[in-house]
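Novice:
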Amino acid sequence: MPGIFSPARALWRLTLFLGWTCFVVPPYATLLGLRLPSRWLARVYWAGVARVIGLRIRVVRGRPSGRRPLLILSNHTSYLDIVTLGALLDAGFVAKSEVGTWPGFGLIARLGRTVFVERKRSRTGQGRDDIARRLAEGEPLILFPEGTSNDGNRVLPFKSALLAVAEPPRRRDSGAAATRERPPLVVQPVSLAYTRVDGVPVGYGWRPFYAWYGDMDLAPHLWAALALGTITVEVILHDPVEAAAHPSRKALARHCEALVSAGVSDLLSGRAADTAAGAGTPADDDPTDQAEDATAPHAARA
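Mind the numbering: the sequence shown is residues 1 to 302 in UniProt numbering, read in order.
(1) Smallest Cα separation from Leu237: which of Leu259, Trp223 and Ala136?
(2) Mind checking which residues open and close the alpha helix (DSSP H) that includes Val44?
(3) Give the secondary structure of Tyr28 by DSSP, where H, G and I count as helix, E and B as strand, and everything else as coil.
(4) For the alpha helix (DSSP H) that Gly263 lies in, which residues bound it at each end?
(5) Evaluate the contact criterion for the stretch 49-67 versus the stretch 76-84: three or more CB pairs, one atom per stretch, below 8 Å.
(6) With DSSP run on the structure shown, which of helix, strand or coil describes Thr77?
(7) Using 7 Å as the threshold, is the C-beta distance between Trp212 and Ser78 below it?
(8) Can you list, in chain order, the residues of its chain whose CB lies under 8 Å from that of Arg110, leaving out five sequence neighbours each side?
(9) Applying the 10 Å Cβ sphere with the 16-neighbour rule, what's the burial state of Gly112?
(10) Just to confirm, are Phe116 and Ala132 a CB contact at a threshold of 7 Å?
(11) Excluding the 5 residues preceding and the 5 following Phe5 in the sequence, name in chain order all residues of the same chain whose CB lies nearer than 6 Å to its CB.
(12) Counting only beta-carbon atoms, is Ser248 nearer than 7 Å to chain B?
(13) Could you tell me whether the Cβ atoms of Val264 and Ala161 are closer together than 7 Å?
(14) Go ahead and pull the three-state DSSP assignment for Arg134.
(15) Counting C-beta neighbours from all protein chains within 10 Å, is the total for Ala294 16 or more, i.e. buried, or is it exposed?
(16) Assess contact between the stretch 139-152 and the stretch 64-78, defined as three or more Cβ pairs (one per stretch) separated by less than 8 Å. Is contact present?
(17) Is the Cβ-Cβ distance between Leu71 and Val235 less than 7 Å?
(18) Assuming the contact rule is C-beta atoms closer than 8 Å, Ser65 and Pro240 should be a hit. Round their C-beta distance to whole Å, please.
(19) Between the Cα of Gly62 and those of Tyr45, Val190, Leu32 and Leu222, spot the shortest distance and give me the residue it belongs to.
(20) Can you tell me where the beta strand (DSSP E) holding Leu141 begins and where it ends?
(21) Quick one: what's got a C-beta closer than 7 Å to Arg134's C-beta in the same chain, skipping five residues either side?
(22) Suppose you measure from the CA of Leu41 to the CA of Gly138; what does that come to, to the nearest Å?
(23) Between Leu32 and the rest of its own chain, which residues show a CB-CB distance below 6 Å, the 5 nearest in sequence each way excluded?
(24) Look up Phe158 in the DSSP assignment and say whether it is helix, strand or coil.
(25) Check whether the Cβ atoms of Leu73 and Leu156 sit closer than 7 Å, and answer yes or no.
(26) According to the neighbour-count rule (16 or more other Cβ atoms, all chains shown, within 10 Å of its Cβ), is Phe23 buried or exposed?
(27) In its own chain, which residues sit with a C-beta less than 7 Å from the C-beta of Arg249, not counting the 5 before and 5 after it?
(28) In this structure, how does DSSP classify Asp285 when only helix, strand and coil are distinguished?
(29) Pull up the DSSP beta-bridge partners for Thr232, would you.
(30) Quick one: what's got a C-beta closer than 7 Å to Arg67's C-beta in the same chain, skipping five residues either side?
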């Protein structure tokens, strides 16, 4: 049986996590206060968290898009998704407003310049404007378009309404300013799945130990996840698409959902690795190298 429960392991990992967080937060907060570049340190932080909690990140294929403005759409299985994507990507997160009130995690989210969005349609305006501004400034953002987490065995339908908050407000000016073209919004779908514990494939029954969904309580779930062995999360970074290439938000949501769902299915079945091997990945972009670098804190500075 993979991942034997070890309370001692959980306690050790939790201690390392708290120590690492206390070590990184002060300089990060200082950089924010001085308005100096800080995103690199956020990535260092998440890469360090991945290492101390026993999370091995493996990019099976693809690479982060260098185009801006960039919105990243990923399936959502667990709070571990944030660690994974935070370690891989120089990007902020879009989260529901409730996350900002969570003890500890809310502080980390706020320090990470997370954009908090109200669920009520009547109160999404501020979130939409914040997202539009951050995207216009060239900062990539990560959005979970399912609107909630799932059991790790499937991808829930993407909510097209969530993509509306990424749309910039319509121009009301005229003249030369009105004819100035905005850079097209680029969307990159991402698939991720938790596939192995201590090198042994994770079956259907084991995924709930890492998937956090429904009415699961956070504290006992986190303790159980920390008590298990090293978990491997595999990631596919799909080819980016321009949002304007689709006639509507619903069409864009369907397109991205199909890509992400197929990618998750490939990861869970092991087909993604076979596809990547058959595609002839260039030596300087080896997925295994990317995975090892992603979990090393010094790699985030590159």
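By construction, the Cβ of each residue, glycine as well, lies at the ideal position given by its N, Cα and C atoms.
Specialist: Walking through what the data contain:
(1) Leu259
(2) Arg39 to Val52
(3) helix
(4) Arg249 to Ser269
(5) yes
(6) coil
(7) yes
(8) Gly100
(9) buried
(10) no
(11) Ala227
(12) Among the protein chains of the structure shown there is no chain B, as only one such chain exists.
(13) no
(14) helix
(15) Reliability of the predicted coordinates at Ala294 is poor, the pLDDT of 45 falling under 50, and the value obtained from them is presented with this limitation in mind. Burial call: buried.
(16) yes
(17) no
(18) 4 Å
(19) Val190
(20) Leu141 to Leu143
(21) Gly92, Val115 and Leu141
(22) 17 Å
(23) Ser38
(24) coil
(25) no
(26) exposed
(27) Ser160, Leu163 and Ala164
(28) At Asp285, the pLDDT of 40 sits below 50, so the modelled position is not reliable; the number obtained from the coordinates is stated separately. Note: Asp285 maps to helix in three-state DSSP.
(29) Arg56 and Arg196
(30) Val186 and Pro240
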